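Novice: Going by mature numbering (1 follows the signal peptide of the UniProt record, and there is no 0), the letters in the sequence shown line up with residues -19 to -1, 1 to 115, in that order. Note that CB positions come from ideal geometry on N, CA and C, so glycine has one too. Note that the structure is a prediction, hence the values are computed from the model and not measured. Input: one structure, supplied below.
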Amino acid sequence: MKKICLLALLMSFAVWVSAQSSEKNTSAESAIKMVKEKYDIGKIPQGQPYTFYMEFVNQTKKPLVVKSVMAGCGCTVPEKPNEPILPGKVGKIKVSYNAATVGPVNRDVEIYLAGYTEPKVVYFTGEVVAASKK
């Protein structure tokens, strides 16, 4: 009976250790370093879409694949790179913002990497100003 209890305890410990080690790289935060943690797009005229790039460096020792990128609203359209990002190299996320509404801009983009369950979230701010009348 003692052997069965000891075996069950060892198996439980092995499962726990395995779960702990698999949780280490669940966040994309550990794999990439953003060139900027927050982007300021400044003042942009209403009705004129604005495009910029969010850049990051692959901090791992293997190529990274950007699985998908998502925005918090329909006014922002991010595009992922098509090729894997090699170790130490820079990857770029193209972001297009539709400046339809006058006012402050506070948006986010989620970057999902293959092999990581949690995205890296990057923010951008700015202000949409009324277009000047001629």
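Cβ of residue 84 within 8 angstroms of Cβ of residue 21?
Specialist: Numbered from its first residue, the sequence shown carries residue 84 at position 103. Numbered from its first residue, the sequence shown carries residue 21 at position 40. Not closer than 8 angstroms, so no.
Novice: Kindly indicate which residue of 103, 76, 51 has the alpha-carbon position closest to the one of residue 31.
Specialist: Numbered from 1 along the sequence shown, position 50 holds the residue referred to as residue 31. The candidate whose alpha carbon is nearest that of residue 31 is 76.
Novice: Tell me the DSSP bridge mates of residue 46?
Specialist: Translated into positions along the sequence shown, residue 46 becomes position 65. DSSP, once it has assigned bridges, lists no residue as partnering residue 46.
Novice: Have a look at the DSSP bridge pairing and note the partners of residue 59.
Specialist: If you number the sequence shown from 1, residue 59 lands on position 78. For residue 59, which the question treats as bridged, DSSP gives the partners 76.
Novice: Around the C-beta of residue 87, are 16 or more other C-beta atoms found within 10 angstroms, so that it is buried, or is it exposed?
Specialist: Mapped onto the sequence shown, residue 87 falls at position 106. Answer is exposed; the Cβ neighbour count stays below 16.
Novice: Quick check: the Cα distance between residue 100 and residue 24, rounded to an integer number of angstroms?
Specialist: Position 119 of the sequence shown, counting from 1, holds the residue named residue 100. Position 43 of the sequence shown, counting from 1, holds the residue named residue 24. Looking at the two C-alpha atoms, the distance is approximately 28 angstroms.
Novice: Quick one: Cα of residue 62 to Cα of residue 71, how far?
Specialist: Within the sequence shown, the letter at position 81 stands for residue 62. Within the sequence shown, the letter at position 90 stands for residue 71. Whole-angstrom Cα-Cα distance: 11 angstroms.
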